[in-house]
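Protein chains: 2
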Amino acid sequence: MKEYLNLQDHLCFSIYACSRAISRMYRPLLNKLGITYPQYLVLLVLWEKGERSIKEIGERLDLDSGTLTPLLKRMEEKQLIQRTRLKTDERVVKISLAPKGEVLHEEAACIPSALVESSGMNIEEIVELNEKIKALTKRVLSAESHNYFTKQDDDSIIE
Amino acid sequence: MKEYLNLQDHLCFSIYACSRAISRMYRPLLNKLGITYPQYLVLLVLWEKGERSIKEIGERLDLDSGTLTPLLKRMEEKQLIQRTRLKTDERVVKISLAPKGEVLHEEAACIPSALVESSGMNIEEIVELNEKIKALTKRVLSAESHNYFTKQDDDSIIE
DNA sequence: GATAATTATATTGTGCACAATATAAACGAT
DNA sequence: ATCGTTTATATTGTGCACAATATAATTATC
Chain A
1 MKEYLNLQDH LCFSIYACSR AISRMYRPLL NKLGITYPQY LVLLVLWEKG
51 ERSIKEIGER LDLDSGTLTP LLKRMEEKQL IQRTRLKTDE RVVKISLAPK
101 GEVLHEEAAC IPSALVESSG MNIEEIVELN EKIKALTKRV LSAESHNYFT
151 KQDDDSIIE
Chain B
1 MKEYLNLQDH LCFSIYACSR AISRMYRPLL NKLGITYPQY LVLLVLWEKG
51 ERSIKEIGER LDLDSGTLTP LLKRMEEKQL IQRTRLKTDE RVVKISLAPK
101 GEVLHEEAAC IPSALVESSG MNIEEIVELN EKIKALTKRV LSAESHNYFT
151 KQDDDSIIE
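Take a look at the structure:
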């Protein structure tokens with residue numbers, strides 16, 4: 001078992017660097033549409049099904065309200081979405097696609113292929129890598145909730 | 001070729017979500033050491049070789065000065081590193097490990113194993129995944145510099 | 001049906017990321 | 001030596017992420 005790992009041997013760093021690289025590759029494409037990468041993800045969720053609560057969007061993207069609330073307000077200012085508080089439960093804010101947000105669906109259709117092309121991988125390889133990363137994420141998230149290594153004096157300070 | 005991809009089929013999202021999940025899993029461990037994940041990465045670089053210029057750190061982590069300058073100042077305030085402007089070339093700021101930063105090397109030794117454990121993968125699988133992701137990053141970065149899809153009206157506005 | 005507990009969103013504050021720009025030092029060619 | 005170019009860092013401004021907390025509405029319990 002190696003003690004002193006090189007930076008490049010750290011899986012955490014590879015994934016962190018890869019995520020930023022993809023985001024940077026997408027940026028010029030998304031700039032043309034006037035949106036950022038997290039905003040694009042929100043649109044992906046809304047394109048699946050035109051209406052979602054903020055909570056549902058957060059669960060889907062694993063983002064909390066501190067991130068989503070201002071992001072969605074910026075998207076409303078750009079008239080991509082509408083924010084409406086539910087009459088039946090006034091705690092819930094319903095996010096729905098505005099016409100401009102619908103239109104972007106067509107214009108953004110080419111975006112996923114940008115990664116496919118530049119990845120130099122075929123669809124089978126991409127699907128396989130995707131499955132591996134999703135499995136890793138799932139395990140990491142459950143390890144996080146177990147708080148494996150931090151039973152002693154971390155979160156438990158609160159008590 | 002599928003037109004309408006589900007969010008979970010997007011490799012970009014899987015990697016983005018995985019990166020944040022790992023960062024969140026590390027957070028309680030890093031909190032104990034009083035550092036953040038990007039600060040941990042800077043320390044990994046310095047632990048390899050005690051001294052680096054900001055430029056070298058930036059090249060290693062693929063982060064620019066707008067990110068590193070304030071981050072390194074926070075690390076200096078915490079007495080983890082020292083910042084010294086070179087006498088021989090006063091443009092260059094040399095970053096070196098302070099005693100507190102050296103000490104953390106021991107305390108942080110368990111961190112990489114946290115991901116290994118929670119990943120549920122063996123070393124061979126991790127190395128293989130790591131290589132695939134590094135290869136993807138490399139290709140994405142070179143695609144980005146070619147500006148594949150954006151020859152017309154994006155960056156070329158500058159001209 | 002008042003009160004406690006839960007739920008959904010919002011707010012605040014800190015720390016990245018990164019584009020765009022500024023500044024200042026070093027270097028190169030004349 | 002001087003001027004233009006390059007190089008290294010810093011600054012500014014915007015937009016995430018996320019912890020911690022607040023607020024307000026709903027639901028559950030008695």
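Respectively, the protein sequence lines represent chains A and B.
Residue 1 is where the first sequence starts when you use the UniProt record's numbering, and the numbers rise one by one after that.
Residue 1 is where the second sequence starts when you use the UniProt record's numbering, and the numbers rise one by one after that.
Even for Gly, the Cβ is constructed at its ideal location relative to N, Cα and C.
Taking 6 angstroms as the limit between beta carbons, can you name the residues of its chain near B/S23, skipping five residues before and five after?
Mapped onto the second sequence, residue 23 of chain B falls at position 23. Once the five neighbours on either side are set aside, the close Cβ partners of B/S23 are Y37.
Straight-line CA distance for B/H105 to B/V92?
What you label residue 105 of chain B is simply residue 105 of the second sequence in a count that begins at 1. What you label residue 92 of chain B is simply residue 92 of the second sequence in a count that begins at 1. CA-to-CA, the gap between B/H105 and B/V92 works out to about 26 angstroms.
Show which residues of chain A have a CB atom less than 7 angstroms away from the CB atom of B/S19.
Within the second sequence, residue 19 of chain B is the residue found at index 19, counting from 1. Residues of chain A passing the Cβ test: I15, Y16, S19.
Is the separation between the beta-carbon of B/K94 and that of B/E51 shorter than 8 angstroms?
On the second sequence, position 94 is the one that residue 94 of chain B refers to. On the second sequence, position 51 is the one that residue 51 of chain B refers to. Contact: yes.
In the structure shown, what three-state DSSP assignment does B/R139 receive?
The count along the second sequence starts at 1 and reaches residue 139 of chain B at position 139. When secondary structure is reduced to three states using DSSP, B/R139 falls in the helix class.
Identify the residues that DSSP records as bridge partners of B/S113: which are they?
Position 113 of the second sequence, counting from 1, holds the residue named residue 113 of chain B. In DSSP, B/S113 forms no bridge with anything.
Curious, which full-length alpha helix (DSSP H) runs of at least 4 residues does the UniProt domain "HTH marR-type" (8–138) of chain B contain?
List check, alpha helix (DSSP H) in window: 11–33, 37–48, 54–61, 65–77, 99–107, 111–119.
Buried or exposed, going by whether 16 or more other CB atoms sit within 10 Å of the CB of A/C18?
Within the first sequence, residue 18 of chain A is the residue found at index 18, counting from 1. Sixteen is the threshold: when 16 or more other Cβ atoms of the shown chains lie within 10 Å of the Cβ of A/C18, as they do, the residue is buried.
Can you confirm whether B/N130, when its beta carbon is compared against all beta carbons of chain A, has any partner nearer than 8 angstroms?
The count along the second sequence starts at 1 and reaches residue 130 of chain B at position 130. Contact of B/N130 with chain A is assigned, a C-beta pair being separated by under 8 angstroms.
Between B/I54 and B/L71, how many whole angstroms is the CB-CB distance? I'm expecting something under 8 angstroms.
Against the second sequence, residue 54 of chain B aligns to sequence position 54. Against the second sequence, residue 71 of chain B aligns to sequence position 71. About 10 angstroms separates the two Cβ atoms, so there is no contact after all.
Using a threshold of 8 angstroms, state whether the C-beta atoms of B/Q82 and B/A108 are closer than that.
Here residue 82 of chain B refers to the residue found at position 82 of the second sequence. Here residue 108 of chain B refers to the residue found at position 108 of the second sequence. Against a cut-off of 8 angstroms, the Cβ pair of B/A108 and B/Q82 comes out as no contact.
Using a Cβ-Cβ distance cut-off of 8 angstroms, determine whether B/M25 contacts chain A.
Stepping through the second sequence from its first residue, residue 25 of chain B is reached at position 25. Yes, B/M25 lies at the interface with chain A (some Cβ there is under 8 angstroms from its Cβ).
Are the CB atoms of B/K132 and A/L11 nearer to each other than 8 angstroms?
As a working mapping, residue 132 of chain B is identified with position 132 in the second sequence. As a working mapping, residue 11 of chain A is identified with position 11 in the first sequence. No, the pair does not count as a contact, with Cβ atoms beyond the cut-off.
According to the Cβ coordinates, are B/R20 and A/S119 closer than 8 angstroms?
Locating residue 20 of chain B in the second sequence gives position 20, counting from the first residue. Locating residue 119 of chain A in the first sequence gives position 119, counting from the first residue. Result no, Cβ atoms of B/R20 and A/S119 do not sit closer than 8 angstroms.
With 16 other Cβ atoms within 10 Å as the buried cut-off, status of A/T137
Reading the first sequence from its first residue, position 137 is the one you call residue 137 of chain A. Per the 10 Å Cβ criterion, buried.
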